[in-house]
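Engineer: At position 77 of the sequence shown the residue is numbered 76 (numbering that gives the first Met the number 0), and the sequence of numbers has no breaks.
Please see the structure below; I have some questions.
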Amino acid sequence: MTFREFLKDNIVYLDGAMGTLLQEAGLKPGEYPERWNVLHPEIITRIHRDYFDAGSNVVCTNTFGANTLKFSEDELEEIVKAAIANAKKAKNESASKAEKFVALDIGPSGKLLRPLGDLDFEDTVAVFAKTIKLGVKYGADLIIIETMNDSYETKAALLAAKENSDLPVIVSNAYGEDKKLMTGATAAAMTAMLEGMGADVIGANCSLGPKQLRAVAEELLDNASVPVVFKPNAGLPKSVDGKTVFDVAPDEFSDDVAQLMQKGLRVVGGCCGTTPAYIRALTEKTARFSPLPVAPKNITVVSSYTHAVKFGGSPVLIGERINPTGKKRFKRALLENDIQYILSEGVSQQEKGVHILDVNVGLPDIDEIGMLKTTVCELQAVVDLPLQIDTSNMAAMETALRRYNGKAMINSVNGKQESMDAVFSLVKKYGGLVVALTLDENGIPETAEGRFRIAEKILRTAAQYGIDKKDIIFDTLAMTISADNTAALATLAALRKIRTELNCHTSLGISNVSFGLPNRDAVNGTFFALALENGLSAAIMNPYSADMMKTYYTFRALKGLDENCAEYIAAADTFAVAKPAAPAEVKKSADEFKSELQHAIVKGFKERAGEITKALLSDTPPLDIVNHEIIPALDTVGLGFENKTVYLPQLLMSAEAAKSAFEAIKAFVSGNEERTSDKGTFVIATVQGDIHDIGKNIVKLLLENYGFHVVDLGKDVPPEKVLEAVLNLHAPFAGLSALMTTTVPAMEETIRLLREKAPWCKTVVGGAVLTQEYADKIGADKYAKDAMEAVRYAEKVTESIGR
Ligand code: B12
């Protein structure tokens, strides 16, 4: 029986932890567990066999970190071959009567993808592809991609699996206590993306115990139309006598998981801390359970790297401003490769309240493939809205869909066979919600009936490609009423018919309806209201139009979609004046941040932050810019991060913007004054484990400016390296920076070493988490709350020793 056949009618029991058991068997800290497949095959086989004996249907090979970032290609092959052989041997040896399968286990690469880290998306796909090809070669029955905490990396791994094998794929993510991935995705967002790409099973593993992960499992069950996997830890880890122990025992663990199985979980197992005893408890306790059917949820949805946007409740607004049609300024931006302008259009539309951004960068004389790819990648770094990829160039569409971190909206397909063949193949591979225009080889039918028939044809063809009707959203084409007085009526009638008779969602490009008429916004706003009343689910529209927003908020209030009319009331003031388009918009919202520079940093506009800083420097002292602009802006982002309104990608873009502001200051300061550095040597570093260096760089710049010779050891610097530099240079000062509570111990250790081996050296410490009390506790000579204080202190010490 194949795994897919087994999955159809059965509950699937996975295994439990491998790492915990290997540690017990003597695996040393720092040693690669994957090497044990070759070095100690008997131990690995025994562990797999114990799991099969405990009732597991699937064991995961000991290949969690087996990839070419950690191992040479030759060693990787040796490891994967041995790992699968070990699991197969266990399968043959086990006395269990249950069906048994071997899953090739794929864990995270251990590196962050761009823009968060250095790893390129396609390189990541290639890394996973190598392990997967070996898994296929040596006969794995299925693939399990697990413990992924970044949606983009998850996508890379699944793409690699789909492109290099036909094996079933289980995809499982590691959600935190906030029910999101480290990079921000909710379970609903992950479900949208992974289901779209054709994962066979999706779910959650690791991070927490079954109780803490319950809400995540429920969210997955509510959203997924494929079986859900749940593989939590044995509770939360605690350190007892230097050993890590977990706080949930097999009985409680299996009770908790069993409860969720009664809600529909179909694939269950354990992660860190679980052992064959946990799996045995689970298989025994649930032996009489019959598998609940996996019901299709029929959710029409798109997603970004953070969240899902569902259709069918409140109307969905799709911002139309990233599109050169009829926009001179936008065309110029495209021709001049002015990506900042395009990004600012994205940010300001988000600020206006749209839920999705349409992205169309097609112009005859530009490289559309390159431009669309850049725009999609960069937009995802500054806004967290789902994108609608809008192009008729299929190569550009594919490039954008590959790089898109989520389930995109795809604009568009139509009833022509050629269009359906091209677009549906892409939808099948990458997932997506397709806007289907009701036109075909014979043009746009005048009647609603004609458009309806094309819609039916599109659905039939989509079904042949295996695309569900929930992933098609029909656009019944708004035509201008100035040319044909009844044009709007046909569009609305087709809309209603499709919505009610086919039960499909609908979308319209609103603005066309008013072409050629004066005061177009007035017509658009009313047409929008009529369309909503006829069943419109989403509108591609101009969010700067007061009339459109008025319709949107009043419709929601009138239809009982806005509790206490709260959102209407909050937005009502803004209807009074129609707002002009960006970039004036950006200025407006910049006011909300007190200054343009703060806005640029908070929103992560790198180039703009540099430019504004350059301009500011003509009349503002550099230190004032640091203290009154850069730091407050970063504090805003930091607070958002803490409150989970800002995610790592945005934090990173803000840091990049702050750095570019800082670079401008640095260039200005060093170009302005030539200082001699004779006041003494300052060794400076961000401590081990900490990569925050913006503050440290500011301190360095200022010290240099005041005549100190600064030796910068960089970030993530081990205590020994600081000591070595201080000893070599006989430095009178060491400056240490730490921004996280978790890295303060490294600072303490560095100070201890310096005290012991270089007692003359004064230690000066700083960084956001430090306080005077902390500094005293860890024995620093001086706590400096900012860069200037460090300078004053160093000057005082230098003077007192009479330099
Ligand atoms: C920018 C930023 C990042 C950037 C860093 C880019 C870079 N190259 O530095 C990126 C995106 C990479 C990042 C990553 C992470 N970050 Co961060 N980050 C921040 C943020 C928003 C701003 C820090 C900053 O640059 N401030 C501006 C500078 C100028 O201020 P400053 O460093 O305090 O420096 C001034 C003074 O303190 C002093 N000073 C500083 N150093 C020194 C040294 C000496 C010798 C002296 C005398 C004075 C001195 O002078 C400076 C100038 O006046 C803070 C939030 C915040 N408001 O602090 C979070 C923050 C520090 N990050 C945090 C976290 C958790 C992380 C991550 C773990 C996130 C993750 N899940 O991956 C990773 C950490 C990775 C690692 N191993 O270090 C947390 C730390 C929580 C805690 N209490 O431990 C914070 C507080 C956010 C939050 N509220 O949750 N982060």
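Glycine included, every Cβ here is placed at the ideal spot set by N, Cα and C.
Since this is a predicted model, take the numbers as computed values, not measurements.
With 16 other CB atoms within 10 Å as the buried threshold, where does V349 fall?
Structural biologist: Within the sequence shown, the letter at position 350 stands for residue 349. A quick correction: the sequence has Gln, not Val, at residue 349. Buried: at least 16 other Cβ atoms inside 10 Å.
Engineer: Identify which residue in R331, N85 and L157 has its Cα closest to the Cα of R45.
Structural biologist: Residue numbering aside, residue 45 sits at position 46 when the sequence shown is read from its first letter. It is N85 whose Cα lies nearest to the Cα of R45.
Engineer: Could you give the residue range of the alpha helix (DSSP H) that holds P40?
Structural biologist: As a first step, residue 40 is located in the sequence shown; it is residue number 41 there, counting from the start. That run of the alpha helix (DSSP H) goes P40 to D52.
Engineer: Determine, using beta-carbon pairs with one atom in the segment 715 to 731 and one in the segment 663 to 670, whether at least three such pairs fall under 8 Å.
Structural biologist: Flag = no, the segment 715 to 731 and the segment 663 to 670 do not touch.
Engineer: Are the segment 731 to 751 and the segment 682 to 700 in contact at 8 Å, needing three or more beta carbon pairs?
Structural biologist: Yes: the two stretches touch, three or more of their Cβ pairs being nearer than 8 Å.
Engineer: Any idea if F288 is buried or exposed, counting beta-carbon neighbours within 10 angstroms, 16 or more meaning buried?
Structural biologist: For this step, residue 288 is matched to residue 289 along the sequence shown. Exposed, by the Cβ-count rule.
Engineer: Determine the extent of the alpha helix (DSSP H) in which A537 is found, giving its start and end residues.
Structural biologist: Within the sequence shown, the letter at position 538 stands for residue 537. Counting along the chain, A537 falls outside any alpha helix (DSSP H), though it belongs to the beta strand (DSSP E) covering A537 to M540.
Engineer: Assuming G269 contacts K230 (C-beta within less than 8 Å), just tell me the rounded distance between them.
Structural biologist: Reading the sequence shown from its first residue, position 270 is the one you call residue 269. Reading the sequence shown from its first residue, position 231 is the one you call residue 230. Between K230 and G269 the Cβ distance is about 6 Å, and since that is below 8 Å, they are a contact.
Engineer: Hey, is V763 close to the ligand B12, as in C-beta under 7 Å from one of its heavy atoms?
Structural biologist: Counted from its first residue, the sequence shown places residue 763 at position 764. Yes, since a heavy atom of the ligand B12 falls inside the 7 Å radius drawn around the Cβ of V763.
Engineer: Three Cβ pairs or more, each shorter than 8 Å: is that satisfied between the segment 388 to 405 and the segment 366 to 373?
Structural biologist: Yes: the two stretches touch, three or more of their Cβ pairs being nearer than 8 Å.
Engineer: Quick check on DSSP: helix, strand or coil for F473?
Structural biologist: Reading the sequence shown from its first residue, position 474 is the one you call residue 473. Reduced to three states, the DSSP call for F473 is strand.
Engineer: I need the straight-line Cα distance from T499 to E440, nearest angstrom please.
Structural biologist: Here residue 499 refers to the residue found at position 500 of the sequence shown. Here residue 440 refers to the residue found at position 441 of the sequence shown. Roughly 26 Å between the two C-alpha positions.
Engineer: Would you report the Cα separation of E703 and H627, rounded to the nearest angstrom?
Structural biologist: Counted from its first residue, the sequence shown places residue 703 at position 704. Counted from its first residue, the sequence shown places residue 627 at position 628. Roughly 21 Å between the two C-alpha positions.
Engineer: So what's P231 in DSSP terms, helix, strand or just coil?
Structural biologist: The sequence position of residue 231 within the sequence shown is 232, counting from 1. P231 falls in the strand class under three-state DSSP.
Engineer: Residue range of the beta strand (DSSP E) that K327 falls in?
Structural biologist: Taking the first residue of the sequence shown as position 1, residue 327 is located at position 328. Per DSSP, K327 belongs to no beta strand (DSSP E); it is in the alpha helix (DSSP H), K327 to L334.
Engineer: With a threshold of 16 other CB atoms inside 10 Å of the CB of L386, please say whether the residue is buried or exposed.
Structural biologist: Locating residue 386 in the sequence shown gives position 387, counting from the first residue. It counts as buried.
Engineer: Helix, strand or coil: how does DSSP classify C271 here?
Structural biologist: Residue 271 sits at position 272 when you count from the first residue of the sequence shown. Coil at C271, not helix or strand.
Engineer: Going by C-alpha to C-alpha distance, which of G515, L491, A462 and K496 sits closest to A482?
Structural biologist: On the sequence shown, residue 482 is found 483 positions in, with the first residue counted as 1. Of the listed residues, the one whose Cα sits closest to A482 is G515.
Engineer: From A580 to M419, what distance separates their C-alpha atoms?
Structural biologist: Numbered from its first residue, the sequence shown carries residue 580 at position 581. Numbered from its first residue, the sequence shown carries residue 419 at position 420. At A580, the pLDDT of 41 sits below 50, so the modelled position is not reliable; the number obtained from the coordinates is stated separately. Taking the straight line from one Cα to the other gives about 35 Å.
Engineer: Below 7 Å, is the gap between the Cβ of T741 and the nearest heavy atom of the ligand B12?
Structural biologist: On the sequence shown, position 742 is the one that residue 741 refers to. The answer is yes for T741.
Engineer: Do you know offhand how far D117's Cα is from D149's?
Structural biologist: Position 118 of the sequence shown, counting from 1, holds the residue named residue 117. Position 150 of the sequence shown, counting from 1, holds the residue named residue 149. The alpha-carbon atoms of D117 and D149 are separated by roughly 14 Å.
Engineer: Can you tell me whether N727 is helix, strand or coil according to DSSP?
Structural biologist: Locating residue 727 in the sequence shown gives position 728, counting from the first residue. Residue state, collapsed to three classes: helix.
Engineer: Output yes or no for whether 8 Å exceeds the beta carbon distance between S510 and R519.
Structural biologist: As a first step, residue 510 is located in the sequence shown; it is residue number 511 there, counting from the start. As a first step, residue 519 is located in the sequence shown; it is residue number 520 there, counting from the start. Yes. Within cutoff.
Engineer: So who's on the other strand from N205, going by DSSP bridges?
Structural biologist: As a position in the sequence shown, residue 205 is number 206, starting the count at 1. At residue 205 the sequence reads Cys, which differs from the Asn that was named. According to DSSP, C205 bridges with P231.
Engineer: Determine the direct distance from the alpha carbon of V790 to that of Y705, and round the result to whole angstroms.
Structural biologist: To locate residue 705, count along the sequence shown from 1; it is residue 706. To locate residue 790, count along the sequence shown from 1; it is residue 791. Each residue's Cα considered, the two are about 7 Å apart.
Engineer: Whose C-beta lies closer than 8 Å to the C-beta of K129 among residues of the same chain, with five residues either side of it excluded?
Structural biologist: Here the question's residue 129 lines up with position 130 in the sequence shown. Excluding residues within five positions, the ones whose Cβ falls inside 8 Å are N66, T67, E72 and L75.
Engineer: With a threshold of 16 other CB atoms inside 10 Å of the CB of L560, please say whether the residue is buried or exposed.
Structural biologist: If you number the sequence shown from 1, residue 560 lands on position 561. Exposed, since its Cβ has fewer than 16 Cβ neighbours within 10 Å.
Engineer: Between which two residues does the alpha helix (DSSP H) harbouring E350 extend?
Structural biologist: As a first step, residue 350 is located in the sequence shown; it is residue number 351 there, counting from the start. Where E350 is concerned, the enclosing alpha helix (DSSP H) stretches over I338 to K351.
Engineer: Contact between the segment 178 to 193 and the segment 136 to 143: three or more CB pairs below 8 Å?
Structural biologist: Short answer: they don't touch.
Engineer: Would you report the Cα separation of I10 and H598, rounded to the nearest angstrom?
Structural biologist: Taking the sequence shown and counting its residues from 1, one reaches residue 10 at position 11. Taking the sequence shown and counting its residues from 1, one reaches residue 598 at position 599. Near 52 Å, if we compare the C-alpha coordinates of H598 and I10.
Engineer: Can you give the beta carbon distance from L700 to K665, rounded, assuming they're within the 8 Å contact cut?
Structural biologist: Numbered from 1 along the sequence shown, position 701 holds the residue referred to as residue 700. Numbered from 1 along the sequence shown, position 666 holds the residue referred to as residue 665. The pair is a contact, with the Cβ atoms about 6 Å apart (cut-off 8 Å).
Engineer: Classify V11 as helix, strand or coil using the three-state DSSP reduction.
Structural biologist: Locating residue 11 in the sequence shown gives position 12, counting from the first residue. Note: V11 maps to strand in three-state DSSP.
Engineer: Give the single residue among N359, H354, Q416 and E798 whose Cα lies nearest to the Cα of A461.
Structural biologist: As a first step, residue 461 is located in the sequence shown; it is residue number 462 there, counting from the start. Closest option to A461, Cα to Cα, is Q416.
Engineer: For E307, list the residues DSSP reports as bridge partners.
Structural biologist: For the purposes of this step, residue 307 is identified with residue 308 of the sequence shown, where counting begins at 1. Strictly speaking, residue 307 in this sequence is Ala, with Glu absent from that position. S302.
Engineer: Please state the DSSP three-state secondary structure of S411.
Structural biologist: In the sequence shown, residue 411 corresponds to position 412, counting from 1. In the structure shown, S411 sits in a strand (DSSP, three-state: E or B).
Engineer: Is it buried or exposed for Q261, if we count other Cβ within 10 angstroms and need 16 for buried?
Structural biologist: Looking up residue 261 in the sequence shown gives position 262. Its Cβ having fewer than 16 others within 10 Å, Q261 is exposed.
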